Amino acid sequence: MLTDVLSVDLDKTLEAVEGWLSGYIRQPHSELGRSGPVCPFVAPAQDADALEIRVRLVGLTPSQALIDEIVRCGLDEFSEVGWKAGNPNLRSLLLVLPDLPPEHLHLLDAAHSALKPESVRRGLMLGQFHEKCREKAARNPAFEVSWAPVPMVAIRSMAIHDVLFLADRRDWFEEYARRFGIRYRNSAHGVDPLLTKVYEHASAVHGLRG
10 MLTDVLSVDL DKTLEAVEGW LSGYIRQPHS ELGRSGPVCP FVAPAQDADA LEIRVRLVGL
70 TPSQALIDEI VRCGLDEFSE VGWKAGNPNL RSLLLVLPDL PPEHLHLLDA AHSALKPESV
130 RRGLMLGQFH EKCREKAARN PAFEVSWAPV PMVAIRSMAI HDVLFLADRR DWFEEYARRF
190 GIRYRNSAHG VDPLLTKVYE HASAVHGLRG
């Protein structure tokens with residue numbers, strides 16, 4: 010099936026994305042459960058020209074296989090981007106799917122669940138955003154934080170605070186600990202007490218030491 014490209018106003022799509030980034034993602038929110046913007050990485054990433062936005066069209070009747078493949082290719086693409094920012098921790102790739110119909114938004118949720126293990130193995134974090142997304146804020150499970158006016162998938166480098174999202178599964182936590190465990194073992198590297206608490210609890214639950 011060929012996608013009707015003319016049915017998608019790319020200028021309006023990108024305008025909506027930019028408005029979402031500046032008016033929501035870069036702003037504080039009373040229901041977050043913490044201070045600071047919804048995503049603390051976006052402002053420095055944009056300031057460093059390290060946020061890449063790519064549009065992917067899926068057509069009126071997308072399959073799960075297609076959405077999975079778009080996300081999987083995004084993971085590959087992340088390592089192939091000619092990043093301008095010198096700091097790899099700021100690099101973020103935003104895949105925008107403006108023609109994904111509302112009745113198919115669940116495909117994005119399923120793709121996230123299916124490909125998160127692969128993203129974690131690569132040291133990347135994967136997040137889906139759309140109007141019906143039910144993902145909760147890490148510090149306030151009553152707040153559905155991943156709302157967006159246009160369906161999107163965000164891919165970024167794993168960061169120290171991601172223990173909040175990776176502590177439950179042993180394989181995810183092992184990947185996290187391999188990258189950031191030294192920060193917790195070295196008292197010279199101050200870590201948020203909440204992150205330390207979650208890290209130490211996960212280490213005990215999963216039988217990891219050192």
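Those letters in the sequence shown? Residues 10 to 219, per the numbering used here, in order. In this text, a Cβ means the ideal position worked out from N, Cα and C, and glycines have one as well. Just so we're clear, the structure is a prediction, and the values are computed from it rather than from any experiment.
Problem - Simplified DSSP assignment, three categories, for residue 137 - result: As a working mapping, residue 137 is identified with position 128 in the sequence shown. If DSSP states are grouped into helix, strand and coil, residue 137 belongs with the strands.
Practice task
Report whether the distance from the Cβ of residue 107 to the nearest heavy atom of the ligand SAM is below 7 Å.
Solution key: The ligand content of the structure shown is nil, which means the ligand SAM is not present either.
Practice task
Tell me where the alpha helix (DSSP H) around residue 152 begins and ends.
Solution key: If you number the sequence shown from 1, residue 152 lands on position 143. Not the alpha helix (DSSP H): residue 152 falls in the beta strand (DSSP E), residues 149-153.
Handout entry: The alpha helix (DSSP H) enclosing residue 122, as first and last residue numbers
Key = In the sequence shown, counting from the first residue as 1, residue 122 sits at position 113. Where residue 122 is concerned, the enclosing alpha helix (DSSP H) stretches over 115-130.
Practice task
Report buried or exposed for residue 83, applying the criterion of at least 16 other Cβ atoms within 10 angstroms of its Cβ.
Solution key: Here residue 83 refers to the residue found at position 74 when the sequence shown is read from its first residue. Buried, since its Cβ has 16 or more Cβ neighbours within 10 Å.
Handout entry: Where the beta strand (DSSP E) through residue 61 begins and ends
Key = Position 52 of the sequence shown, counted from the start, is the residue given in the question as residue 61. For residue 61, the uninterrupted beta strand (DSSP E) run begins and ends at 60-64, by DSSP.
Exercise for the section: State buried or exposed for residue 213, treating a residue as buried only when at least 16 other CB atoms are found within 10 Å of its CB. Expected result: Along the sequence shown, one-based indexing puts residue 213 at 204. Classification for residue 213: exposed.
Practice task
Output the distance between the C-alpha atoms of residue 145 and residue 92, rounded to the nearest integer angstrom.
Solution key: As a working note, residue 145 is residue 136 in the sequence shown. As a working note, residue 92 is residue 83 in the sequence shown. About 30 Å.
Practice task
Quick one: give me the first and last residue of the alpha helix (DSSP H) that residue 23 is part of.
Solution key: The residue you call residue 23 lines up with position 14 of the sequence shown. Residue 23 -> alpha helix (DSSP H) spans 19-29.
Exercise for the section: Leaving out five residues on either side along the sequence, give the residues of the same chain with a beta carbon under 6 Å from the beta carbon of residue 79. Expected result: Working through the sequence shown from its first residue, we reach residue 79 at position 70. For residue 79, where only same-chain residues beyond five positions count, the Cβ hits under 6 Å are 65.
Practice task
Return the Cβ separation of residue 30 and residue 87 in integer angstroms, given the expectation that the two are a contact with Cβ distance under 8 Å.
Solution key: Here the question's residue 30 lines up with position 21 in the sequence shown. Here the question's residue 87 lines up with position 78 in the sequence shown. Residue 30 to residue 87, Cβ: 18 Å. No contact.
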